[in-house]
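I have placed the structure first, in the form of C-alpha cells, so that the comments after it can refer back to it.
Chains as they are written, first to last, in the working numbering: chain A, 1 to 889; chain B, 1001 to 1193.
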C-alpha cells in the first residue's frame, strides 16, 4: 500500500482506531473479516496493532533513557561478574547498580558497584587505573575501603566497577534521628566524617558528591563514607536515566556547592567537600538542608545555591549555640576562600565546641561581609535594577555594622574595666547604630523605583551614591565614618576600582590617625590595605610615602615587634622591591618574616607567606643560593603539614623548582615539577591556574636545560590553555606568551620568537603602556628584532621604552639600563657616533646597581665585546672582554 | 542572552507566527542554547560532580519559565515555543547518541579478570537514532502526528497540554498519538532488521 496516499492513510488510521478499541478476541475476528476483502490492509493493521499492544517500548521511556542502560528496564542480575558471584542487588541509581557479591579469592563478601560507563574512550582506562590506585591508598576507619577497581565486560559492554567494603547501615541523618542523638552527639558524629574526608584530601582524593546517602553508620556506630571519587569515573552521557519522581532531581541538588552550581568545575577542590560537610551538618542539626531546592525550578535552585544566604539555623523553637552557628557560616561560605580550608579545620572547631574551648572561626567582619557581597554580585549588578542593588547593599551594610558594633562592644568589655565608662561606650554605640539604621531606611526609600525613576544602577553607581551620602551624614560620628570608609575602600577594591579604593583607605587612614593618635595599631589595617591598592595601581612611591610613617609610629609606640608592624614591613618590602631598591627591600622582608616566625610560629601559614615573599625577593635579586634554602624549607614545611598534594605545597614545590633550575640543578627541578604536574592536574584540575603554572614552569625548566623540543609543546599548551580560559589580555596569558617567545628565541627560532613578542608588545602597549612588565617585553622584543638584523625597528622599540622608563621608573633602575644597552648596541650597528658612550653609560648604570663583578654585569660586558667583535673593532672588543672576565676590585 | 530574554523570545514567537521565517531561525538557537546549558549543568558536563538525572519535561518547563516567564501567550505562540523546544531537545539527545556511538567501546580489560563472553545487543543510543530517522518519514506522511510526537516525547507535554498547545481536542491527540506510536515502533523494528 502507498504510504503517501492521503485517503489510504486516513482510512488506515480510522481502521486502527476501531481495531485498537477491541479486545483481543473481537479484534482477531474483525481482522479475519477484513482479510477476506482487503488482505494488504489487514496485514498492515495486524502489524501496527501488535506494536500498539507492546509496553515498555522505545516511546514509553524517556528519550534520555535510550542512551544508556535504563535501571528500570535492566532487571535480572547476572549470576557472576568477573571473579564475583552476585548474591543480590542492593541499590540502583543514577550512578549505577550495586550488588552484594562474594569474591572467590580472598573469600569475602563485598559491595560491587557497576558504574555506568561514560562514552568509553581509551583515556577512561588510563584514568580508571590511576584512580583505582588512588582509591586503594585510602585506608581510614571512616571510609569504606576500596578493595579492587577496574573494568569488566558485562553483557558485552565494558563497564567500570569498584569492589568495596560492604557496609550495612542507615544514612547518617536517618541514624541520628532514629537514635535520638542530641546536638553534641550529632556534631561529634560529623567530626568523625571530617576525619575520613581529611584523610582522603591529604591523599589527593576529593569526594565531590557527599550527601547523607553516601555516609552510612555501621553496626558499631561509626560513620563510613562511600563512593569516594566516583564522580570522576563518569561523565555526562553516563546518567541519562528516567527520574522516578520529579522531586528526586532537585533533592540531590541541596548538597551541591555554589561553584558546582555555577558549572565552574575549575574551582572544584577539597573545599567543595567542606561545603557539602557544612550542608550535612546543617541538616543533621536542623532537620533540613540550608538551601531548600524542593519546589523550585532548576534555575531557581541553582541560583539560590549560588546566592541565597541560608536561614539562621534553628533547632525547633530554639536557636543553636552561637559557636555552631559560626561554624556553619564558615563551612557554608559561598566563596571557597571564605570557608574552612580543610576538613580537618572543621573537625577541629567542632571538637573545640564539644570541649567548650573557643573555636577558631570568627563571624564575618564588616569588611569581609561587604567584600563577599561585592564579589558575588560583580557579574550581575551591572544590569540589576536600582532598587534591588541598593537594597541588598543596604542590608549588607546593616549587618556589617551590626557585627562591627557587636565586636566593639566585646572589645569595650575587655579593654575597659571601669564600668561607668563601659556604659557610656555602650550608649554611644547604641546611638551610632540608630543613626546608621536611619540612614539605611533613607537609602532604601531613595532606591524606590519611583524616586530613582527606574534607571538601572550598577554596583559602582550604587557605591558612588552611598559614598556621596556617607561623608556629610556621619561627619559628626567619626567612629562610624572610619568604619564606613574602610568598608567602602574594601568594596571598591573588590570591584577592581582601585583608585576609589585607595581614596577611601587614604581618608580612613588619616581619620584613624586623628581618632587614635596614640594607638598606631589601629592605623595598620587601612595602611596595609592602602598599600595593596596602590601597589595594584603601580603607584609605589605614594605607597611608600603613606606607610613609612605608620611603621615609624608603630616602632615609636613600642609596637615594632608585633604582627601589625610585620604586615606593614612586608608591604614596604614589596614596594621597595618594585621600585628596584633592593637594599632597602631586603631588611624589611627579612624582619617581617622573622617577626612572624617568632610571633605566629615557624609553621604558621602567614609565616609561610612572608617566607615566600622573601624567597621571591632573593630570587629577583639573583641570589638563588640564599633563596633556595628558604624555598626548600617552605616546601618541606608545607608538604609536611598539609600533604605533598596540597595546593600550597604544589606552589612551594614550583617555587623551589624554579630556583633550583636557575642555579643549574636541573635534575632536581625536573623531578619536583614532574611529580607536581600530575598531582596538580588531579588535585586542582587541568584548567586550574596553578596547574597551568606548573606546566609552564616545567616547560621553562626544560628550556633552561636546553631541551627545547620537550619545552616548546608544553609552553605552547600552557599559552593556549591560558588564552582559552582567561582570554587574550589576562596577565597569566601574557606571561605565558612572553615565556613562549623567549623560549623560541633561546631555541634559535628567532622569527617565530619575534612574531609572538611583537603581538605581545602590541597588547601590552594597549593595556598598560607604563607598566614595568611592558618594558620587560620591550627589552625582549628589541633584542630578538636586533638579532634578526632589523636594527632600526629594534632601535625604535628601545627609544619608546626609554621615554616611558625615564618617566615611570626611579633612577637608576636595571630596566632603564637594559633598555639603554639595547639602544647602544643598535647605535653601534648603525655606526652612530654616540654609540660607545651609550653602551658605556648602560654598563656603568648596571654596575652601580648590582656591582661590577656581578655575573649579570659581566655578561653585559661580554655582550658588548661581542658587538664590537662583529664590527671588527678588536681593540674595544678586547677591552670589554677584559671587563667581562676580571674581578674589578 | 544578555538582554531580557523573555521579551526577545516573545517577540520572536509572535514574529514567527506571523510568517517571519527569519524569526524562526533566530528563535531556535536561543532555545537550544538554554536547554543545552541546563542539560549540561544537570549532567555535570565537565565531571565536576556526579551527574543528575536528565528529564526533558523538567528541562523544557524550566526553559519556558526562564524564556517566557509568567506572561500570557496566544496558544499558537505557545505551540510554537514547545515545538522549538522539542526540536532542540531532540537535537541535543541525538547529538549525544551519535557521540556515544562514535566513541566506541574499549576492548582491553583493565585487570587480569576473564571477561564474561559478550552478548549481542544493540549499541547504546541506537534506538534513539532509529527513532530520529523514523520521525523524518512520519513528518512526510503526517505532519500533525509528527508534531504530536515531538511535543509529547521530546518536550514531555501531557495529552491535555499537547491538545491545548495545538488547539486540538484531547480525543484527536490521543488517537493520533496511539497510531503514531504504533507506526513508529514498527518502523524502528523494520529499520533495525
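Backbone N, C-alpha and C define an ideal beta-carbon position, used for all residues, glycine too.
Contact set between residue i and chain A, taken where Cβ atoms lie within less than 9 Å
| i | result |
| --- | --- |
| residue 1182 (chain B) | 16, 20, 47, 48, 49, 50, 51, 52, 53, 54 |
| residue 1032 (chain B) | Per Cβ cutoff of 9 Å: no residues; residue 1032 (chain B) is ~16 Å from chain A at best. |
Among the options, nearest to residue i - alpha-carbon criterion
| i | options | result |
| --- | --- | --- |
| residue 90 (chain A) | A:83, A:109, A:105, A:104 | A:109 |
| residue 1183 (chain B) | B:1008, B:1145, B:1018 | B:1145 |
| residue 813 (chain A) | A:844, A:216, A:217, A:698 | A:844 |
| residue 545 (chain A) | A:609, A:806, A:568 | A:568 |
| residue 584 (chain A) | A:33, A:174, A:849 | A:849 |
| residue 666 (chain A) | A:651, A:675, A:701, A:691 | A:701 |
| residue 951 (chain A) | A:19, A:12, A:58 | Here chain A comprises residues numbered 1 to 889, so residue 951 (chain A) is not present and cannot be evaluated. |
| residue 891 (chain A) | A:160, A:145, A:200, A:212 | Missing from the structure shown is residue 891 (chain A); chain A here goes from 1 to 889 and no further. |
| residue 768 (chain A) | A:537, A:27, A:530, A:633 | A:537 |
| residue 660 (chain A) | A:630, A:643, A:647 | A:630 |
| residue 1129 (chain B) | B:1158, B:1095, B:1156 | B:1095 |
| residue 772 (chain A) | A:807, A:744, A:167 | A:807 |
| residue 163 (chain A) | A:10, A:633, A:735, A:114 | A:114 |
| residue 1089 (chain B) | B:1155, B:1171, B:1175, B:1139 | B:1155 |
| residue 560 (chain A) | A:20, A:653, A:520 | A:520 |
Neighbour list for residue i in chain B, Cβ cutoff strictly below 7 Å
| i | result |
| --- | --- |
| residue 13 (chain A) | 1179 |
Cβ shell of residue i (< 7 Å), same chain only, five flanking positions each side left out
| i | result |
| --- | --- |
| residue 851 (chain A) | 857 |
| residue 829 (chain A) | 791 |
| residue 1017 (chain B) | 1076, 1077, 1080 |
| residue 173 (chain A) | 212, 283, 284 |
Own chain, CB closer than 8 Å to residue i, minus 5 neighbours either side, in chain order
| i | result |
| --- | --- |
| residue 332 (chain A) | 275, 278, 279, 282, 290, 310, 339 |
| residue 861 (chain A) | 843, 880, 881, 883, 884 |
| residue 891 (chain A) | Chain A is shown from 1 up to 889; residue 891 (chain A) falls before or after that span and cannot be answered. |
| residue 1179 (chain B) | 1145 |
| residue 353 (chain A) | 187, 321, 323, 324, 327, 359 |
| residue 625 (chain A) | 663 |
| residue 639 (chain A) | 646, 649, 652, 653 |
| residue 728 (chain A) | 763 |
Residue i: contacting residues in chain A (beta-carbon distance under 7 Å)
| i | result |
| --- | --- |
| residue 1188 (chain B) | 58 |
Residues of its chain near residue i, where Cβ-Cβ distance is below 6 Å and the 5 sequence neighbours each way are ignored
| i | result |
| --- | --- |
| residue 794 (chain A) | 782, 785, 786, 826 |
| residue 681 (chain A) | 691 |
| residue 655 (chain A) | 631 |
| residue 245 (chain A) | Because the pLDDT at residue 245 (chain A) is just 33, under 50, the model does not fix this residue reliably, and the value given afterwards should be weighed accordingly. Same-chain partners within the cutoff: there are none. |
| residue 1191 (chain B) | 1130 |
Contact set between the stretch 1156-1186 of chain B and chain A, restricted to residues whose Cβ is under 7 Å from the partner: 1175, 1178, 1179, 1181, 1182, 1183, 1184, 1185, 1186
Those runs of the beta strand (DSSP E) which lie wholly inside the stretch 176-235 of chain A and span at least 3 residues: 215-217, 223-225
Uninterrupted alpha helix (DSSP H) stretches inside the stretch 807-856 of chain A (no shorter than 4 residues): 814-830, 835-850
Length-filtered (4 minimum) alpha helix (DSSP H) runs lying within the stretch 585-665 of chain A: 605-620, 624-642, 647-662
Alpha helix (DSSP H) segments (min. 4 residues) lying fully within the stretch 701-759 of chain A: 708-726, 731-746
Unbroken stretches of the alpha helix (DSSP H), 4 residues or longer, contained in the stretch 281-315 of chain A: 298-307
Complete runs of the beta strand (DSSP E) confined to the stretch 482-542 of chain A [at least 3 residues]: none
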